[in-house]
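Undergrad: Pasting a structure below so you can have a look.
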Amino acid sequence: MSEKKYINIEDVIDVKELQTLQDNWAKATDLAFITVDCTGKPITEQSNFTPFCKKLRKMDAFREKCYYCDACGGRKAKKIGKAYTYICHAGLIDFSIPLMVKGQYIGSIQSGQVTSNNMETLRPITKLSEGWKEDKELVELYQQVTVMPVEKILAVAQTICDSYNYSVEKQYNSMIDAELREKDLRLIKEEKLRIEMEKSLRDIELKALHYQINPHFLFNVLNTIGRLAFFENAKMTEDVVYAFSDMMRYILRKSSNPLSPLGDEITHVMNYLKIHKIRLGSRLQYSVDIPEKYYGVKLPFLSLATIVENSIKHAIEKKATGGTIQLSAREEKGDLYIDIVDDGDGIPQTKINSILRGDAYKYNKESAVGIYNINTRLIHYFGPEYALMIESENKPSRGTRVTIKAPLESE
1 MSEKKYINIE
11 DVIDVKELQT
21 LQDNWAKATD
31 LAFITVDCTG
41 KPITEQSNFT
51 PFCKKLRKMD
61 AFREKCYYCD
71 ACGGRKAKKI
81 GKAYTYICHA
91 GLIDFSIPLM
101 VKGQYIGSIQ
111 SGQVTSNNME
121 TLRPITKLSE
131 GWKEDKELVE
141 LYQQVTVMPV
151 EKILAVAQTI
161 CDSYNYSVEK
171 QYNSMIDAEL
181 REKDLRLIKE
191 EKLRIEMEKS
201 LRDIELKALH
211 YQINPHFLFN
221 VLNTIGRLAF
231 FENAKMTEDV
241 VYAFSDMMRY
251 ILRKSSNPLS
261 PLGDEITHVM
271 NYLKIHKIRL
281 GSRLQYSVDI
291 PEKYYGVKLP
301 FLSLATIVEN
311 SIKHAIEKKA
321 TGGTIQLSAR
331 EEKGDLYIDI
341 VDDGDGIPQT
351 KINSILRGDA
361 YKYNKESAVG
371 IYNINTRLIH
381 YFGPEYALMI
391 ESENKPSRGT
401 RVTIKAPLES
411 E
């Protein structure tokens, strides 16, 4: 059985609004009002308190007795589930209106501070105090207290009880409805993110499937070209063909696991870089400095190659002099950080933010789709603290650093 949720009166009632309402009640009825929580602690200011009660509550000998009467009246009203009218310790008529939400007592509205000619129908809430009668000023102030028929007091008490508890219950229900709507919106956003991520993964799969029209035929052709290059002593052509063949096998592999060992990712990247090195010549320099002890760490499939491809496309090919790409790894607090660094002209921070948020992908499916997909998959598989990191000064030849963070031991 789930534990019952405790409801705080100030979470349900707008105290500022209640104060205004309480002041208006006081003016309309000529009664005093104050609202307390379930412990008897006041949460509103006094409304129309009599001079007698104000002075009495300032005196150490009687203040706690006044608070005790409020608390007892609230508990009695809670017990009977409706307004309870009684005589306080100083001999005045007061009533308590229980504030209930879903059957839970959250506080009470205390009112009264009047006398009546037919008080014998009411009971004292506690033992009557006699000491205040020795204070001449208090006696004079008591004699100034408003006299009101008990029937009118009872009618006011029950009217306010019925109307205000209905208002509190309605306000609480509105609050719960708002919380539920907020929760529903949050779930909708999470579902939308999940659908977008799955769509992004399908986009990657579809791009790979473009090459799968007839993979056996493709590899037969590549092997034939490789053998011809060998017989014709065309070493460079042979290297390109076999590197490309290995890349295609890796991309088209059949696997239900979306994560790949770092070692396999590095092998794929080395083949990719080898082909571009032959194509670009001295315009491309690269180095891979990642210890083999980290080769078992799992990464999202094709994550390294996608970032390297992005660096070649935007940092190397756009410069007449070419550039350098460096891959390195470092270990920190149980995580592996893989840095892919180029010496291109960098990326503006606004564009970096747009790429990671997915804005660039949403408005242009060809723009930064790979980077956005990697970031989405890292967060999905490892958590938000493993989001992709991109740093750039956005200055000529100062380059860009893209960092993949992954747990050293992943399930």
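The numbering of the sequence shown is the numbering used here, which starts it at 1 and goes up by one. Cβ coordinates follow ideal geometry from the N, Cα and C atoms, glycine included.
Is the Cβ-Cβ distance between glycine 421 and proline 51 less than 8 Å?
TA: Any question about residue 421 goes unanswered here, given that the chain covers just 1 to 411.
Undergrad: Classify leucine 154 as helix, strand or coil using the three-state DSSP reduction.
TA: helix
Undergrad: Since glutamine 285 sits in a beta bridge, which residues does DSSP pair it with?
TA: Thr324
Undergrad: Hey, how far is the Cα of leucine 372 from the Cα of leucine 378?
TA: Per the sequence shown, the amino acid found at residue 372 is tyrosine instead of leucine. Approximately 10 Å between the Cα atoms of the pair.
Undergrad: Taking only runs of the beta strand (DSSP E) that begin and end inside the stretch 255-321, which ones reach a length of at least 3 residues, in chain order?
TA: If only complete runs of 3 or more residues are kept, the stretch 255-321 shows the beta strand (DSSP E) at 259-261, 284-289, 298-300, in order along the chain.
Undergrad: So, is aspartate 342 buried or exposed, given that buried needs 16 or more other C-beta atoms within 10 angstroms?
TA: buried
Undergrad: For the ligand GDP, is there a heavy atom less than 7 Å away from the beta-carbon of lysine 405?
TA: Judged by which ligands are present, the structure shown has none, so any question about the ligand GDP falls away.
Undergrad: Using only CA atoms, which one of Glu331, His276, Leu252 lies nearest to proline 291?
TA: Glu331
Undergrad: Could you tell me which residues DSSP pairs with threonine 403 in its beta bridges?
TA: Asp339, Met389
Undergrad: Would you mind reading off the limits of the beta strand (DSSP E) that contains valine 416?
TA: Limits of the chain in this structure are 1 at one end and 411 at the other, which puts residue 416 out of reach.
Undergrad: Could you check how far apart the C-beta atoms of glycine 112 and aspartate 94 are, in whole angstroms? I think they sit under 8 Å.
TA: 3 Å
Undergrad: Would you decide whether leucine 327 is buried or exposed? Buried here means 16 or more other CB atoms lie within 10 Å of its CB.
TA: buried
Undergrad: Report the residue from Ser311, Lys127, Thr403 whose alpha carbon sits nearest the alpha carbon of serine 397.
TA: The residue with the shortest Cα to Cα distance from serine 397 is Ser311.
Undergrad: With respect to the alpha helix (DSSP H) encompassing aspartate 70, which residues constitute its N-terminal and C-terminal limits?
TA: 60-80
Undergrad: Under the rule that 16 or more other beta-carbon atoms within 10 Å means buried, what is methionine 100, buried or exposed?
TA: buried
Undergrad: Thinking C-beta only, is threonine 267 closer than 8 Å to glutamine 339?
TA: The residue asked about is misnamed: residue 339 is aspartate in this sequence, not glutamine. No, the pair does not count as a contact, with Cβ atoms beyond the cut-off.
Undergrad: Using the beta-carbon count (16 or more within 10 Å), is glutamate 366 buried or exposed?
TA: Since pLDDT at glutamate 366 reaches only 48, below the 50 mark, its modelled position is unreliable, and no value is offered.
Undergrad: Measuring CA to CA, which of Ala83, Asp264, Glu64, Lys298 is closest to tyrosine 337?
TA: Lys298
Undergrad: Just checking my contact of glycine 344 with alanine 315 at CB under 8 Å: how many whole Å lie between their CB atoms?
TA: 3 Å
Undergrad: Threonine 400: which of Lys351, Pro384, Thr376, Ile374 sits nearest, CA to CA?
TA: Lys351
Undergrad: Does the beta-carbon of methionine 236 have 16 or more other beta-carbons within 10 angstroms, so that it is buried, or is it exposed?
TA: exposed
Undergrad: Return yes when the Cβ of methionine 119 is within less than 8 Å of the Cβ of isoleucine 87, no when it is not.
TA: yes
Undergrad: Use the C-beta contact count for serine 260: other C-beta atoms within 10 angstroms, 16 or more gives buried, fewer gives exposed.
TA: buried
Undergrad: If we count the other Cβ atoms within 10 Å of its Cβ and call it buried at 16 or more, is glutamine 212 buried or exposed?
TA: Here the model assigns glutamine 212 a pLDDT of 46, short of 50, so the residue's position is not dependable and the matter cannot be decided.
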